[in-house]
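What follows is one structure encoded as structure tokens, with my remarks underneath.
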Amino acid sequence: MSSPFLRDAICFSPPEARTTLISLDNLTIWHTGAWVSQHGRISMKLEFHCWKCPKDAPGRRITAAFSEQGYYSFRCAHGHVHDIVTGTMLFELLAETGMQAIVDGYFRDAIASFMASYERTLQFYIDVVSRAKDIDPATADATWKHVSSQSERQLGMYIGLYQLENNAVPPLLAQKHVNLRNRVVHQGYLPSEEDAVLFAQAVVDLLQPLLNGLMQRYTAQIESFIAAQTAKGATAASAAQRTHNVFFEFLLRFDTEADDWNRPPADIRAELKARRDLPSKG
Numbered sequence: 140m141s142s143p144f145l146r147d148a149i150c151f152s153p154p155e156a157r158t159t160l161i162s163l164d165n166l167t168i169w170h171t172g173a174w175v176s177q178h179g180r181i182s183m184k185l186e187f188h189c190w191k192c193p194k195d196a197p198g199r200r201i202t203a204a205f206s207e208q209g210y211y212s213f214r215c216a217h218g219h220v221h222d223i224v225t226g227t228m229l230f231e232l233l234a235e236t237g238m239q240a241i242v243d244g245y246f247r248d249a250i251a252s253f254m255a256s257y258e259r260t261l262q263f264y265i266d267v268v269s270r271a272k273d274i275d276p277a278t279a280d281a282t283w284k285h286v287s288s289q290s291e292r293q294l295g296m297y298i299g300l301y302q303l304e305n306n307a308v309p310p311l312l313a314q315k316h317v318n319l320r321n322r323v324v325h326q327g328y329l330p331s332e333e334d335a336v337l338f339a340q341a342v343v344d345l346l347q348p349l350l351n352g353l354m355q356r357y358t359a360q361i362e363s364f365i366a367a368q369t370a371k372g373a374t375a376a377s378a379a380q381r382t383h384n385v386f387f388e389f390l391l392r393f394d395t396e397a398d399d400w401n402r403p404p405a406d407i408r409a410e411l412k413a414r415r416d417l418p419s420k421g
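Basically this note's numbering = 1-based index in the sequence shown + 139.
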């Protein structure tokens, strides 16, 4: 997530600093909703606090379901309206919803979400490298249509492109994890928490280094995609008089302005414990 072209942009604190309250141009916002410190755990949502209300006022706390558009419009209990635009990429949202699903015990949903995050990250890799090669966007879109309905074709496209670009065998999800996903999706298998944790860790272990490499090598291209995502949210918010652009740091660390572009993958077990240890809000 990068902010040179974004007004009022902010990147949220990592898990070890999750109790920190951050203010943005009079709008007070918390870290991603799965771990809202003393205000309690909220699953599958983002949490915002109305800056127009007194700090301890009831109804100041607002939650919103994840939006692929990247636009959130909501009203607090006292009638104050806020319009938020985010530059979060789809694969980031999918991994976060997968983590939240594990926290809540929805292990089938977790595996489906992490697999979708894996597939959308590979698509993002293809998009970024294509842009770096000056492939016309219309050509890239037309080519993607030939593979968009079949994940095997998408995987093949990624494998070939990665080899050409890096002269190396591409990182891929181990077959045992693919088999687990297929059992869950196609055979109705009910995975255990251990199944979900191991699957999530395998996905994160693969994707984080891939994203680290992308951020170092294709910074400008990535920033153009983030700008497009932010513009998408701004278009959805076109009727709003004023919007705030906000970035959340989720499970996958994705920040082209980070001091360290070799971020280690998240530890799913540690993350699960930290989130479950937060007090639940009654």
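Note that CB positions come from ideal geometry on N, CA and C, so glycine has one too.
{"Item": "Terminal residues of the beta strand (DSSP E) in which Arg214 lies", "Value": "210 to 214"}
{"Item": "Boundaries (first-last residue) of the beta strand (DSSP E) holding Thr278", "Value": "Segment 276 to 284 is the alpha helix (DSSP H) holding Thr278; no beta strand (DSSP E) there."}
{"Item": "For Val220, the three-state DSSP class (helix, strand or coil)", "Value": "strand"}
{"Item": "Inter-residue Cα distance where the pair is Leu261 and Tyr297", "Value": "6 Å"}
{"Item": "Residue range of the unbroken alpha helix (DSSP H) whose run includes Phe230", "Value": "229 to 243"}
{"Item": "Cβ neighbours of Ile361 in the same chain (closer than 8 Å, five flanking residues each side left out)", "Value": "Ser141, Val267, Leu353, Met354, Thr395"}
{"Item": "Touching by the beta-carbon criterion (3+ pairs, under 8 Å), the stretch 380 to 391 and the stretch 222 to 236", "Value": "yes"}
{"Item": "Integer Cβ distance of Glu186 from Arg199, believed to fall under 8 Å", "Value": "Contact flag wrong, Cβ pair sits at about 11 Å."}
{"Item": "CA nearest to the CA of Ser344, picked from Ala196, Tyr257, Gln289", "Value": "Correcting the residue identity first, residue 344 is Asp in this sequence and not Ser. Minimum Cα distance to Asp344 is reached at Tyr257."}
{"Item": "Cβ neighbour criterion (16 or more within 10 Å) applied to Glu410", "Value": "buried"}
{"Item": "Arg408, enclosing beta strand (DSSP E) - first and last residue", "Value": "Premise fails: Arg408 lies in the alpha helix (DSSP H), 407 to 415, not in any beta strand (DSSP E)."}
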